[in-house]
Amino acid sequence: MTPPPDPTPHLTSLQRDGFVVIPELLSQSQLKALRAAASHAADLGRSGKWPHIRTVPKQFPPWPSTPPPAQEGGIWGVQHLMHPEMPGRDEFAKLYFSPRVLEIVEELVGVKKTKPGSKAESPQEEEQEQEPLTMELLNLLISPTYVPFALRWHRDEIPTPPTLSAEDELAALMQKSPPDRPASHAQYNIPLYDDASLIVVPGSHRRARKQVEREADPYEDNLPCQMVVELRPGDAVFYDSNIWHRGVYDGVDPDVKGEDGVVQGLRLTIHGSVGLAVGSGDGIGGEEGKKANARAKVVLQHGVGFWVNREDASFNGLDADVKRRAERMRKRLIEMGSGEGIGYALEG
152 MTPPPDPTPH LTSLQRDGFV VIPELLSQSQ LKALRAAASH AADLGRSGKW PHIRTVPKQF
212 PPWPSTPPPA QEGGIWGVQH LMHPEMPGRD EFAKLYFSPR VLEIVEELVG VKKTKPGSKA
272 ESPQEEEQEQ EPLTMELLNL LISPTYVPFA LRWHRDEIPT PPTLSAEDEL AALMQKSPPD
332 RPASHAQYNI PLYDDASLIV VPGSHRRARK QVEREADPYE DNLPCQMVVE LRPGDAVFYD
392 SNIWHRGVYD GVDPDVKGED GVVQGLRLTI HGSVGLAVGS GDGIGGEEGK KANARAKVVL
452 QHGVGFWVNR EDASFNGLDA DVKRRAERMR KRLIEMGSGE GIGYALEG
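Everything in the sequence shown is counted per the working numbering, starting at 152 for the first residue and increasing by one.
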């Protein structure tokens with residue numbers, strides 16, 4: 152007898168492996184529009200005309216607002232793609248709030264599907280619905296210039312100093328990534344060009360580090376069982392942010408281009424996260440105050456809380472149905488607070 156199909160195949164893969172690859176998430180038209188917007192954002196960041204950047208060689212926030220010289224690597228990321236002053240903001244928001252992306256997010260964080268016949272009858276009723284998702288972050292990961300750059304092995308929300316015992320590490324993982332329920336957020340990379348920068352150890356989100364992982368160099372190139380996540384343009388990888396992972400970036404020469412006119416080895420990868428709102432019901436994924444506060448630190452440390460409540464931060468460039476949900480999710484982020492004095496999750 153053939154077993155019934157898995158109703159949540161993406162969640163099953165995420166919980167088992169710590170990541171799930173979704174081929175061809177973007178259409179060709181989306182890819183073209185996002186490439187144009189992302190290329191412009193990268194140019195602004197590299198030239199010092201956009202202050203919200205990730206600078207080489209610093210891995211975690213806070214980053215300086217002025218890019219280092221290009222010959223020293225420059226920048227490896229552009230922050231706040233949905234900031235009201237970011238050119239191309241509407242294109243980035245269309246992706247972030249798209250039904251296709253949010254449908255996957257809902258599966259991964261355990262949001263129950265709306266029952267037939269229970270949908271709001273009007274926009275006014277829809278506005279009064281309790282939004283289960285929270286807007287979080289949307290950034291851009293890019294190639295540094297000339298100089299290769301690598302992130303050390305890490306978990307995004309759990310510091311792993313040498314003094315951290317295996318028991319305490321496992322306890323932290325069980326709180327952040329509980330095996331018996333979906334997580335409190337979904338995190339993803341969507342490359343606009345070929346991308347093989349993310350390296351993970353499958354299954355490591357469910358266990359403390361092995362001795363060989365503890366003793367390895369922070370930038371070890373070859374850990375046992377590591378896997379390079381190879382993505383084509385428009386693919387997506389959703390991954391548990393506490394999987395043992397790192398990023399490796401080749402430096403590019405902006406003057407060396409292929410036959411298509413694109414810089415050889417160029418990386419333009421959209422990096423986003425969507426949260427499960429506190430108090431969204433069922434006891435799933437992070438409603439407890441302590442856990443919610445820890446997640447708020449991870450999100451607000453990037454500075455998103457300082458602009459999301461601006462008058463011009465409304466998503467007026469989106470279609471009506473998408474805009475309504477975007478505004479509900481933005482309101483959820485505003486409820487987190489500005490993040491002033493909240494500190495930083497990791498150092499380095």
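Just so it is clear, CB atoms sit at the ideal spot from N, CA and C, and this is done for glycine as well.
Subject >> First through last residue of the beta strand (DSSP E) which encompasses Tyr370 >> reply: Where Tyr370 is concerned, there is no enclosing beta strand (DSSP E), given that its DSSP letter is neither H nor E.
Original post:
Do the CB positions of Val260 and His356 come within less than 8 Å of each other?
Top reply: Going by C-beta atoms, Val260 is not nearer than 8 Å to His356.
Original post:
If we count the other Cβ atoms within 10 Å of its Cβ and call it buried at 16 or more, is Asn393 buried or exposed?
Top reply: buried
Original post:
Of all the options Asn340, Ser489, Trp227, which has the alpha carbon lying nearest to the alpha carbon of Tyr390?
Top reply: When only C-alpha atoms are compared, the closest one is Asn340.
Original post:
Hey, quick one: how far does the alpha helix (DSSP H) through Arg383 stretch, first residue to last?
Top reply: First-last for Arg383: undefined, no H or E at that position.
Original post:
Does the beta carbon of Ala301 fall short of 7 Å from some heavy atom of the ligand NAP?
Top reply: Absence of the ligand NAP is noted for the structure shown, with no ligands found whatsoever.
Subject >> Simplified DSSP assignment, three categories, for Leu288 >> reply: strand
Original post:
Excluding sequence positions up to five away, which residues of its chain have a Cβ less than 6 Å from the Cβ of Gly224?
Top reply: Val207, Pro295, Val298, Phe300
Subject >> Buried versus exposed call for Met233 [16 or more other C-beta atoms within 10 Å across all chains shown] >> reply: buried
**OP:** Hey, could you find the ends of the beta strand (DSSP E) Thr206 is sitting in?
**Re:** That run of the beta strand (DSSP E) goes 204-206.
Original post:
If you check the beta carbons only, do Ala359 and Ala428 fall under 8 Å apart?
Top reply: no
Original post:
Nearest CA to the CA of Lys327: which residue from Pro342, Pro310, Leu343?
Top reply: Pro310
**OP:** In angstroms with no decimal places, state the Cα-to-Cα distance between Asp345 and Arg383.
**Re:** Distance between the alpha carbons of Asp345 and Arg383: 5 Å.
Original post:
Using DSSP with H/G/I as helix, E/B as strand and the rest coil, what is Lys327?
Top reply: helix
**OP:** Please report how far the alpha carbon of Arg380 lies from the alpha carbon of Asp194, in whole angstroms.
**Re:** Checking the sequence, you will find Val at residue 380 rather than Arg. The straight-line gap separating the alpha-carbon atoms of Val380 and Asp194 is approximately 26 Å.
**OP:** Per DSSP, which residues does Gly488 bridge with? Please list them.
**Re:** Gly488 is not bridged to any residue.
**OP:** Determine the contact status of Ala477 and Leu484, defining contact as a CB-CB distance below 8 Å.
**Re:** no
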